[in-house]
Amino acid sequence: MEANLFSLVSEADPTRIFAWGMEIMDDERTSAVVYRRDPDTGRGFVGQHESAEAALRRWGRRVPLLLVWEFDSDDVSLTT
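The numbering of the sequence shown is my numbering, which starts it at 298 and goes up by one.
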């Protein structure tokens, strides 16, 4: 099993985090768990998706987002 952390960030301002996530892969499947706190209500939300990219597609319909992999704090990788 392997797990990789990622963030969904604002496309306009990548320093603004929309959600945090972890993509988990094993021999049979990949899935992602996402945590988001609504800034207006303060309510927390936890969701499950097929992958980090699937989470980006789901939430990116609502607001323009980028997928940032947290493989190494010195090497940030953005995905649109």
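Just so it is clear, CB atoms sit at the ideal spot from N, CA and C, and this is done for glycine as well.
VAL343 vs VAL330 beta-carbon contact at 8 Å: Within the sequence shown, numbered from 1, the residue matching residue 343 stands at position 46. Within the sequence shown, numbered from 1, the residue matching residue 330 stands at position 33. The answer is yes: Cβ separation under 8 Å.
Residue burial classification, GLY318 (beta-carbon count within 10 angstroms, cutoff 16): If you number the sequence shown from 1, residue 318 lands on position 21. The residue in question, GLY318, is buried, as its Cβ has 16 or more Cβ neighbours within 10 Å.
Nearest to ALA309 (by Cα), restricted to the options LEU362, GLU367 and HIS346: Translated into positions along the sequence shown, residue 309 becomes position 12. Of LEU362, GLU367 and HIS346, the residue nearest in Cα terms is LEU362.
Exposure label - LEU302; buried when at least 16 CB within 10 Å: Taking the first residue of the sequence shown as 1, we reach residue 302 at position 5. Looking at its Cβ environment, which holds fewer than 16 other Cβ atoms inside 10 Å, LEU302 is exposed.
Beta carbon of GLU347 nearer than 8 Å to that of SER328: Here residue 347 refers to the residue found at position 50 when the sequence shown is read from its first residue. Here residue 328 refers to the residue found at position 31 when the sequence shown is read from its first residue. It is a contact, given that the beta carbons lie within the stated cut-off.
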